[in-house]
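Participant:
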Amino acid sequence: MTNKRVVVAITGASGAIYAKRLLFELSRAGIEIHLVVSPLGQRLLHDELGLERIDPAALCEKEDHGVTIHGHRDVGAAIASGSFIHDGMIVCPCSNNTLASIANGVSGNLVTRAANVCLKERRRLILAHREMPLGLTEIRNMQQATEAGAIIAPTNPGFYMIPQSIDELVGFVVGRLLDLIGVEHDINVRWTDSPANFRSE
Numbered sequence: 002m003t004n005k006r007v008v009v010a011i012t013g014a015s016g017a018i019y020a021k022r023l024l025f026e027l028s029r030a031g032i033e034i035h036l037v038v039s040p041l042g043q044r045l046l047h048d049e050l051g052l053e054r055i056d057p058a059a060l061c062e063k064e065d066h067g068v069t070i071h072g073h074r075d076v077g078a079a080i081a082s083g084s085f086i087h088d089g090m091i092v093c094p095c096s097n098n099t100l101a102s103i104a105n106g107v108s109g110n111l112v113t114r115a116a117n118v119c120l121k122e123r124r125r126l127i128l129a130h131r132e133m134p135l136g137l138t139e140i141r142n143m144q145q146a147t148e149a150g151a152i153i154a155p156t157n158p159g160f161y162m163i164p165q166s167i168d169e170l171v172g173f174v175v176g177r178l179l180d181l182i183g184v185e186h187d188i189n190v191r192w193t194d195s196p197a198n199f200r201s202e
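This note's numbering puts the first residue of the sequence shown at 2, with every later residue one more than the last.
Dropping the structure here:
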């Protein structure tokens with residue numbers, strides 16, 4: 002077991018499958034998880050995963066999941082305070098609206114409040130943005146969030162591992178998110194400069 006503690010937020014951009022795999026891997030690694038889901042994130046879980054409610058056991062695929070759920074409007078929750086020590090926060094998936102709020106320091110709900118606390122406390126904040134294409138507003142918001150200390154991590158899978166399934170594509174993205182938060186995993190995401198990776202001209 003580990004003493005790591007990670008905050009996870011789910012917002013209303015398509016990509017519930019990423020959030021589910023992320024929570025599964027964090028739970029499997031013994032991470033203490035603090036979860037907050039926006040109203041549109043909850044709709045996302047319903048529309049894409051068929052969940053009628055926020056169900057940590059279903060998301061993590063285990064009963065002893067180690068997940069604490071915080072209400073979206075509860076800006077007095079522990080994760081809204083800089084005195085709550087944790088190892089970082091991942092917003093997955095991160096919608097354009099959530100990105101804009103974080104980039105501009107708006108803390109109208111627990112997702113954005115917890116994210117802005119990460120920035121002021123200089124803790125790792127990873128925004129797993131999924132929407133595309135990008136307009137100038139989103140690009141500027143990404144720049145502003147990056148300048149404030151966030152890491153923009155678009156949910157773009159790599160193909161150099163020659164994936165054979167959707168699960169492998171999802172795993173690649175989640176593995177990279179775990180790398181960014183410093184959580185060890187056994188997902189195959191590592192590039193090597195083996196001659197097998199190159200074709201002759």
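Even for Gly, the Cβ is constructed at its ideal location relative to N, Cα and C. All of these numbers come straight from a predicted model, not from anything done at the bench.
Look up H130 in the DSSP assignment and give the residues it is bridged to.
Facilitator: H130 pairs with C95.
Participant: With distance defined between alpha-carbon atoms, name the residue in H130, F25, R141, R44 nearest to I34.
Facilitator: Looking at the Cα atoms, F25 is the closest of the given residues.
Participant: Out of curiosity, what's the CA-to-CA distance linking D65 and L137?
Facilitator: Taking the straight line from one Cα to the other gives about 43 Å.
Participant: With distance defined between alpha-carbon atoms, name the residue in V38, G83, G176 nearest to R191.
Facilitator: Cα-wise, what sits closest to R191 is G176.
Participant: Are the stretch 92–103 and the stretch 52–70 touching, with three or more C-beta to C-beta distances below 8 Å?
Facilitator: With a cut-off of 8 Å, the stretch 52–70 and the stretch 92–103 do not count as touching, because too few Cβ pairs lie within range.
Participant: Taking buried to mean at least 16 other C-beta atoms within 10 Å of its own C-beta, is M90 buried or exposed?
Facilitator: The residue in question, M90, is buried, as its Cβ has 16 or more Cβ neighbours within 10 Å.
Participant: Since H186 is in the beta strand (DSSP E), which residue starts that stretch and which ends it?
Facilitator: Run containing H186: none; DSSP gives neither H nor E here.
Participant: Is E53 buried or exposed, if buried means 16 or more other CB atoms sit within 10 Å of its CB?
Facilitator: Result: exposed.
Participant: With the cut-off set at 8 Å, would you say L50 and A17 are in Cβ contact?
Facilitator: Yes, the pair counts as a contact, with Cβ atoms nearer than the cut-off.
Participant: Relative to the alpha-carbon of H215, which residue among I80, L23, N157 has its alpha-carbon at the smallest distance?
Facilitator: Residue 215 is absent from the structure shown; the chain starts at 2 and stops at 202.
Participant: Report, in whole angstroms, the separation of the C-beta atoms of V68 and T12, which I expect to be a contact under 8 Å.
Facilitator: V68 to T12, Cβ: 17 Å. No contact.
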